[in-house]
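One structure is given here, and the rest of the page talks about it.
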Amino acid sequence: NFNESYKPPSFKYNAKRGIVEWGDDNNYPIFLVNLYNNVGSTTHKAIVNKKVKMISGNGFKTPINNDLNNFIKKNKLDFETAKITLDYELMNGYAFEVVYNREGTSVNKIKHIPFGKLRRGIISDEYSEPHFWFSNDWTQYRKAEYTPEYIKEFDGSNSGRQLYYYIEYNPASDGIYPIVGYSTSINWIDMDYQISVFHLNQLKQGYSPSFLLNFSTGIPTTEEQDMFFREFKREFSGAENGGKIILTYSNGDNEKPELIPIQLNDSDDRFLMLADQIERNIVMGAEIPPQLVVLTPGKLGSTEERDRLLIEFQISYIEPRQNNIENSLDTILQVNNYNEKLVLNSTIEDNMMNDKNNNDNNEI
Numbered sequence: 002n003f004n005e006s007y008k009p010p011s012f013k014y015n016a017k018r019g020i021v022e023w024g025d026d027n028n029y030p031i032f033l034v035n036l037y038n039n040v041g042s043t044t045h046k047a048i049v050n051k052k053v054k055m056i057s058g059n060g061f062k063t064p065i066n067n068d069l070n071n072f073i074k075k076n077k078l079d080f081e082t083a084k085i086t087l088d089y090e091l092m093n094g095y096a097f098e099v100v101y102n103r104e105g106t107s108v109n110k111i112k113h114i115p116f117g118k119l120r121r122g123i124i125s126d127e128y129s130e131p132h133f134w135f136s137n138d139w140t141q142y143r144k145a146e147y148t149p150e151y152i153k154e155f156d157g158s159n160s161g162r163q164l165y166y167y168i169e170y171n172p173a174s175d176g177i178y179p180i181v182g183y184s185t186s187i188n189w190i191d192m193d194y195q196i197s198v199f200h201l202n203q204l205k206q207g208y209s210p211s212f213l214l215n216f217s218t219g220i221p222t223t224e225e226q227d228m229f230f231r232e233f234k235r236e237f238s239g240a241e242n243g244g245k246i247i248l249t250y251s252n253g254d255n256e257k258p259e260l261i262p263i264q265l266n267d268s269d270d271r272f273l274m275l276a277d278q279i280e281r282n283i284v285m286g287a288e289i290p291p292q293l294v295v296l297t298p299g300k301l302g303s304t305e306e307r308d309r310l311l312i313e314f315q316i317s318y319i320e321p322r323q324n325n326i327e328n329s330l331d332t333i334l335q336v337n338n339y340n341e342k343l344v345l346n347s348t349i350e351d352n353m354m355n356d357k358n359n360n361d362n363n364e365i
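In the numbering used here, each residue's number is its place in the sequence shown (first place is 1) plus 1.
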């Protein structure tokens, strides 16, 4: 499937369903999640995990306002923020569900809601305000357990259940759905996975595609051919059977089995040559210094160099993302008249302190 290159998702207005579909089959988020979980690149996953830990891994600084501190603990905002950060890195957007108290005087609950399970609703006579629809599985939305739920967009009006929705600006998104930050490297991420599949298949099917074994003793019955094929495959194919010896007997040279090598193409060699290029393009698309993700022998760099790169990455990428999350939560919590702003901790200070302690211990 190497001719099936990545195509950007389309945004289709489906008036009948009252939603804007995300992707040709309305399941583009599933593609992104799969690209992270099981049909993508180890480099891509390592980068995403690194970013999530740096953005939200250390939680919020303890606020001076005791009521705000209690709100954070009650709503487990450290945990909820870690979840929305993963959405943020995978899809370049996130969402908080906002629930007001019964009196409608303050926000009672803030919790993560899976961003990929949201679809923007179409304004109509029936639904005249900005809104979204949520389903746990859009491929089965007709079933009762997956029936889409209506959620009004957050507007600070102190009424019921609302949704705070944030996406990174991109001219192509039209404010509907985000364009992922690593969009230019998706082909490389997919290629990394496909190459791993190629090599795994080469390993598991090792013997059969590499040689042609011909017997010059006549043509057996179909049943005998099938039986011999199964036995031969069981005994000699796959990595676990590498190094086994084939022992044959014949009545002269005319009846001896002939083992003919099959000339394969050089795809595997070309794939190996592509490895560095794939890794480089994935890292570049993620806007992260390669030294923070890829450990190349002889190029690990000094502690000072790593600290410098961490600081640069913190300033150029991590802090802006943290600020967006902090501002989103501050906007929601303005309803509760909390004047103090939330602040996410930085992992830079902890990393440097650990490095210093390790160096001091080594000197001792």
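Every residue, glycine too, gets a C-beta built ideally from N, C-alpha and C.
Practice task
Could you check if Tyr89 is buried or exposed, using at least 16 other CB atoms within 10 Å of its CB as the buried criterion?
Solution key: buried
- request: Kindly indicate the opening and closing residues of the beta strand (DSSP E) around Asn15.
  value: 12-15
ask   = What residues are listed by DSSP as bridge partners for Glu98?
value = Lys112, Leu164
Self-check item: For Phe219: DSSP bridge partner residues
Solution: This sequence places Gly at residue 219; Phe is not what is there. In the DSSP output, where bridge partners are listed per residue, Gly219 has none listed.
Counting only runs of 4+ residues fully inside the segment 43-102, write out the alpha helix (DSSP H) ranges in chain order. 43-57, 67-75, 78-92
| query | With 16 as the cutoff for other CB atoms within 10 Å, does Ser158 come out buried or exposed? | reply | exposed
With a Cβ-Cβ cutoff of 8 Å, do Val21 and Ile177 count as a contact? yes
With the cut-off set at 8 Å, would you say Asn28 and Thr148 are in Cβ contact? no
Helix, strand or coil: how does DSSP classify Phe155 here?
coil
- Task: Check the C-beta distance from Ser186 over to Asn50 and give it rounded, since I have them as a contact under 8 Å.
- Result: Not really, about 16 Å apart at Cβ, beyond 8 Å.
Q: Would you mind giving the Cβ-Cβ distance between Arg162 and Val100, rounded to the nearest angstrom? I have them listed as a contact below 8 Å.
A: 6 Å
Among Gly117, Thr106, Lys77, which residue has its Cα nearest to the Cα of Leu33?
-> Gly117
In the DSSP assignment, what residue or residues form a beta bridge with Trp23? Phe12
* If we cut at 8 Å on Cβ distances, does Glu130 have a partner in chain C? -> The structure shown contains no chain C, having only a single protein chain.
> DSSP three-state call for Arg120: helix, strand or coil?
Replying inline: strand
- Roughly how many angstroms separate the alpha carbons of Asp277 and Arg231, rounded to a whole number? 39 Å
| query | Among the residues of its own chain, which have a CB less than 6 Å from the CB of Ala287, if the five just before and after it don't count? | reply | Ile48, Tyr183
**Study point:** Burial state of Ala96, where buried means 16 or more other Cβ atoms lie within 10 Å
**Key:** buried
>> For a test of the three-state rule: what should DSSP assign to Asn358, helix, strand or coil?
In response: Because the pLDDT of Asn358 is 49, which lies under 50, any placement of that residue in the model is unreliable, and the question is left without a value.
- Residues near Glu327 by beta carbon distance below 7 Å, same chain, minus five either side: Lys342, Leu343, Val344, Leu345
Practice task
Identify which residue in Phe133, Lys84, Pro131 has its Cα closest to the Cα of Ile111.
Solution key: Lys84
Query raised in the report: In three-state DSSP terms, what is Leu1?
Result: Nothing about residue 1 can be reported from this structure: the residues present for the chain run from 2 to 365 only.
| request: Find out if the Cβ-Cβ distance for the pair Gly122, Gly41 is shorter than 8 Å. | output: no
Where Asn102 and Val108 are concerned, what is the direct C-alpha to C-alpha distance, given to the nearest angstrom? 6 Å
Exercise. Which residue from Ser329, Thr348, Glu259, Asn338 puts its Cα closest to that of Leu98?
Worked result: It should be pointed out that residue 98 corresponds to Glu in this sequence rather than to Leu. Here the closest residue by C-alpha is Ser329.
* Asked: DSSP state of Glu280, grouped into three classes?
  -> helix
Problem set entry | Neighbour-count burial assignment, Leu201, 16 or more Cβ in a 10 Å radius | exposed
Given this structure, state the Cα-to-Cα distance separating Leu87 from Val53, to the nearest angstrom. 6 Å
Inset, instruction - Following the continuous alpha helix (DSSP H) through Pro30, name the residue where it begins and the one where it ends. - result: 29-38
Requested in this report: Grab me the residues of Asn15's own chain with a C-beta within less than 6 Å of its C-beta, minus the 5 sequence neighbours each way, in chain order.
Outcome: Glu22
Going by DSSP, name the residue or residues bridged to His1.
The question about residue 1 has no answer here: the residues shown for the chain are numbered 2 through 365.
Identity of the residues DSSP links to Glu150 by a beta bridge
Phe135
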